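Peer 1: My structure is below; once you've seen it, I'll send some questions.
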Amino acid sequence: MNFLAHLHLADNSQTSLAANIAGDFAKGSIEHFPKHLQQGIWLHRQIDQLTDSHEITKELLTIFPKSLTRAAPIIIDLSFDHMLAKYWDEYHQQSLEDFATKAYDAIDDCEGLPEQLVSIAPKMRQENWLVAYQTREGLNQALASVAKRVSKPEIFIGAQECVKKLDTEIEIAFRTFYPQLMAYSRLWTRNTPPEYL
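Written out as structure tokens, the structure is:
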């Protein structure tokens, strides 16, 4: 899952939005981070672990061409954010625009976040990354942006065309898996290790 899904799952489980998205940038032991971030980082890691190991995700990976094998997990994360944004009204009572503003505000108001997240937060708001996921153009832009940040951008060659071709398969996988992930995130929240609360 990428930024939008982690923020939505944080809201769904009534945990810190900023702490959950911080999990993307938090390396090493959770205990090294401020107390108010620990539960969100822990939850983020549970979400990523289930997503990576779930049969639905593994099956989806097998239909990507061999040339995209290394990039496929990232492509799926971004595509799932696109599906969540595209069908947002089915998953949240608040408009995506209002939720995005709430998320940007939560990040800005949170202290002790990883420096990398702090540095990209203004750009995230300015370019409205969360709402941009709603369109195919926004997804393509996200794919291109990620490709520029990895050490071997060539692993993303053909990604945009592939995602368009596999659109139906990605949507089916998302719609099947994501409600499970929503349920798990609420369950994990209730069972967060006490040392992270």
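The sequence shown: position 125 = 125 (full-length UniProt numbering), numbered continuously. C-beta: ideal position from N, C-alpha, C; glycine also. Owing to the predicted nature of the structure, the values given are computational and were not obtained by experimental measurement.
#1: The alpha helix (DSSP H) spanning Ala26 covers which residue range?
#2: From Leu9 to Ser67, what distance separates their C-alpha atoms?
#3: Quick one: what does DSSP say Val163 is sitting in, helix, strand or coil?
#4: How big is the Cα-Cα spacing for Asn12 and Met124?
#5: Tell me which residue opens and which closes the alpha helix (DSSP H) that Asp48 is part of.
#6: Assuming Gln116 and Phe25 make a contact with CB atoms under 8 Å, what is their CB distance in whole Å?
#7: Using C-beta distances below 6 Å, list every residue in its chain close to Tyr178, excluding the 5 sequence neighbours before and after it, in chain order.
#8: Since His6 and His32 should fall inside the 8 Å C-beta cutoff, what is the C-beta to C-beta distance between them, to a whole number of angstroms?
#9: Candidates Gln49, Ala71 and Asp77: which alpha carbon is nearest Lys148's?
#10: Mind checking Thr135: buried by the 16 CB within 10 Å criterion, or exposed?
#11: If the criterion is Cβ atoms closer than 8 Å, does the pair Ile30 and Tyr133 meet it?
#12: By DSSP, does Glu195 sit in helix, in strand, or in coil?
#13: Rounded to the nearest angstrom, what separates Ser145 and Thr51 at their Cα positions?
#14: Judging by CA-CA distance, which residue of Leu4, Thr15 and Lys27 is the nearest neighbour of Thr192?
#15: Return helix, strand or coil for Asn20, following the three-state DSSP convention.
#16: What number of angstroms, rounded off, separates the C-alpha of Gln173 from the C-alpha of Pro114?
#17: If you run the structure through DSSP and keep just helix, strand and coil, what is Ala103?
Peer 2: In terms of the structure at hand:
#1: The sequence position of residue 26 within the sequence shown is 26, counting from 1. Per DSSP, Ala26 belongs to no alpha helix (DSSP H) and is neither H nor E.
#2: On the sequence shown, residue 9 is found 9 positions in, with the first residue counted as 1. On the sequence shown, residue 67 is found 67 positions in, with the first residue counted as 1. So the alpha carbons of these two residues sit roughly 31 Å apart.
#3: Position 163 of the sequence shown, counted from the first residue, corresponds to residue 163. Helix, per DSSP.
#4: Along the sequence shown, read from residue 1 onward, the residue named residue 12 stands at position 12. Along the sequence shown, read from residue 1 onward, the residue named residue 124 stands at position 124. Approximately 21 Å between the Cα atoms of the pair.
#5: Numbered from 1 along the sequence shown, position 48 holds the residue referred to as residue 48. Unbroken alpha helix (DSSP H) run through Asp48: Lys35 to Ser53.
#6: Taking the sequence shown and counting its residues from 1, one reaches residue 116 at position 116. Taking the sequence shown and counting its residues from 1, one reaches residue 25 at position 25. With a Cβ gap of about 5 Å, Gln116 and Phe25 count as contacting.
#7: On the sequence shown, residue 178 is found 178 positions in, with the first residue counted as 1. There are no such residues.
#8: Position 6 of the sequence shown, counted from the first residue, corresponds to residue 6. Position 32 of the sequence shown, counted from the first residue, corresponds to residue 32. 20 Å between Cβ atoms; not a contact.
#9: Position 148 of the sequence shown holds residue 148. For Lys148, the nearest C-alpha among the options comes from Ala71.
#10: Here residue 135 refers to the residue found at position 135 when the sequence shown is read from its first residue. Exposed is the call here.
#11: Taking the first residue of the sequence shown as 1, we reach residue 30 at position 30. Taking the first residue of the sequence shown as 1, we reach residue 133 at position 133. Taking 8 Å as the Cβ cut-off, Ile30 and Tyr133 do not qualify as a contacting pair.
#12: For the purposes of this step, residue 195 is identified with residue 195 of the sequence shown, where counting begins at 1. Looking at Glu195 - three-state DSSP - the assignment turns out to be helix.
#13: On the sequence shown, position 145 is the one that residue 145 refers to. On the sequence shown, position 51 is the one that residue 51 refers to. Answer to the nearest angstrom: the Cα atoms are 22 Å apart.
#14: For the purposes of this step, residue 192 is taken as residue 192 along the sequence shown, with counting starting at 1. Of Leu4, Thr15 and Lys27, the residue nearest in Cα terms is Thr15.
#15: Taking the first residue of the sequence shown as position 1, residue 20 is located at position 20. Asn20 falls in the helix class under three-state DSSP.
#16: Mapped onto the sequence shown, residue 173 falls at position 173. Mapped onto the sequence shown, residue 114 falls at position 114. The amino acid occupying residue 173 in the given sequence is Ala; Gln does not appear at that position. Roughly 31 Å separates the two Cα atoms.
#17: The residue given as residue 103 occupies position 103 in the sequence shown. Residue state, collapsed to three classes: helix.
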